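Offset between the sequence shown (1-based) and this note's numbering: plus 104. For every residue, glycine included, the Cβ atom is placed at its ideal position computed from N, Cα and C. It should be emphasised that the depicted structure is a prediction, and the values quoted were computed from it without experimental measurement. Some notes on the structure that comes next.
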Amino acid sequence: MIKLKNSYLYVIMVVGMISWGVSWPAAKVVGRYGDPSDLIVWRFVLALLTMLAIMKLLKVPLKFPQKSLKFVIAASTLIVFYNFNYLKGTQVGLSSLGGVIVPTISPLFTFVLSMIFLNKQTHVKEICGLLIGLIGGILLIRVWEVSIVNIVSSGNLYFLLGAFLWSGVTIFAQKTSEELHPLNFSFWVYGMAMLIALPIFPLNSIDAIFKYDLLFWFNFILISVVALGLGTTAYFITTMRLGSHKASSFMFIVPFSAILSASFFLGETIQVSTIFGGLLSTTAVYLINK
105 MIKLKNSYLY VIMVVGMISW GVSWPAAKVV GRYGDPSDLI VWRFVLALLT MLAIMKLLKV
165 PLKFPQKSLK FVIAASTLIV FYNFNYLKGT QVGLSSLGGV IVPTISPLFT FVLSMIFLNK
225 QTHVKEICGL LIGLIGGILL IRVWEVSIVN IVSSGNLYFL LGAFLWSGVT IFAQKTSEEL
285 HPLNFSFWVY GMAMLIALPI FPLNSIDAIF KYDLLFWFNF ILISVVALGL GTTAYFITTM
345 RLGSHKASSF MFIVPFSAIL SASFFLGETI QVSTIFGGLL STTAVYLINK
């Protein structure tokens, strides 16, 4: 179904995860213009249009998910709630912190869920990789400087919920791998998610998004077309090709790129621990995929 060599797939996935990292500070900028309820539907609209363009370019036929429909609906529901937590968390919390919490905790959730629902066999090197990735996340977050109150504040709780929700999306993506091409999966997930999110979409502000300036549109296209449309599709392809546990391990790349981009776009200082944490996170990806 997917004829990409693993080496090419790894490169595509790394680029996709970098786009995810950059999307965290971009989402912070977007959150200054509107609430998640104003933006979620439009984000899925842009991602859906991106999928249509890619499918036409690659001549991938549109296939309805007959056997795996329940998994697509489940993934669509979870990705709506994930996007709400993603947008709300970056709006009220620290974007760089979210870019660490979600990608370092979600693979742990995915690892456990894959053992429960996919009968995943574990190996020592995979467990070591996950532990190293977690240590890398601790260094990136500089947990010794963060108070308990800050960790459990509303913004960070959104990130923790997002980490759990994304692990569920990963599992359901793998469940559909036997029937659907990853681009088909992305198309139906974004389309159904758009419909699921409509009830929370305020119709009185349907055109508000078109009144925002170029700074908003640059960042909104970044998080919708590049990160969601392209980056997330790369993630789905890897999930269906290599399995949910290996795909989720690439998320350890996100914290490094998230903090670097937050430093560039939002002026946050890069710490020495950020460099070491990023190296450990990259090592985790290598161990799990070796």
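Roughly how many angstroms separate the alpha carbons of threonine 378 and proline 169, rounded to a whole number? 42 Å
Below 8 Å on the Cβ atoms is my contact criterion, and I expect valine 358 with alanine 179 to pass it. Report the Cβ-Cβ distance as a whole number of Å. About 20 Å; that fails the 8 Å criterion.
For leucine 332, verify whether its CB is less than 7 Å away from any heavy atom of the ligand GTP. This structure simply doesn't include the ligand GTP, nor any ligand for that matter.
From Phe380, Leu332, Val389, Thr386, residue whose alpha carbon lies closest to that of valine 126: For valine 126, the nearest C-alpha among the options comes from Leu332.
Out of Asp142, Val115, Ile122, Ala130, point me to the one whose CA is closest to isoleucine 327's CA. Ala130
Serine 258 versus arginine 246: straight-line alpha-carbon distance, rounded: Because the pLDDT at serine 258 is just 48, under 50, the model does not fix this residue reliably, and the value given afterwards should be weighed accordingly. C-alpha separation (whole angstroms): 19 Å.
Isoleucine 363 versus phenylalanine 380: straight-line alpha-carbon distance, rounded: 13 Å
When you compare only the Cα positions, how much space is there between alanine 267 and alanine 277? 16 Å
Which ranges would you report for the alpha helix (DSSP H) in the stretch 291–344 if only whole runs of at least 4 residues count? 318–325
Between leucine 319 and valine 133, which are expected to be in contact by the criterion C-beta below 8 Å, what is the C-beta distance as a whole number of angstroms? 7 Å
Through-space distance from lysine 315 to phenylalanine 354, alpha-carbon basis: 37 Å
Can you tell me which of Phe221, Thr154, Ile341, Tyr137 puts its alpha carbon nearest to the alpha carbon of glutamine 195? Tyr137
If you draw a straight line from the alpha carbon of valine 389 to that of leucine 234, how long is it in whole angstroms? Looking at the two C-alpha atoms, the distance is approximately 8 Å.
To which residues of the same chain is serine 309 closer than 7 Å at the C-beta, ignoring the five residues directly before and after it? Asp142
From which residue to which residue does the alpha helix (DSSP H) around asparagine 189 run? 173–196
Quick one, are the C-beta atoms of phenylalanine 340 and valine 176 less than 8 Å apart? no
Alpha-carbon spacing of glycine 241 relative to phenylalanine 356, whole angstroms: 8 Å
Per DSSP, what kind of secondary structure is alanine 388 in: helix, strand or coil? helix
Does the distance from the C-beta atom of phenylalanine 305 to that of valine 149 stay below 8 Å? no
Closest to tyrosine 112 by CA distance: which of Ala338, Asp317, Leu287 is it? Ala338
Contact belief for serine 271 with threonine 214 at Cβ below 8 Å, rounded distance in angstroms: 4 Å
Verify whether the separation of the beta carbon atoms of tyrosine 186 and leucine 269 is less than 8 Å. The Cβ-Cβ distance between tyrosine 186 and leucine 269 falls below 8 Å.
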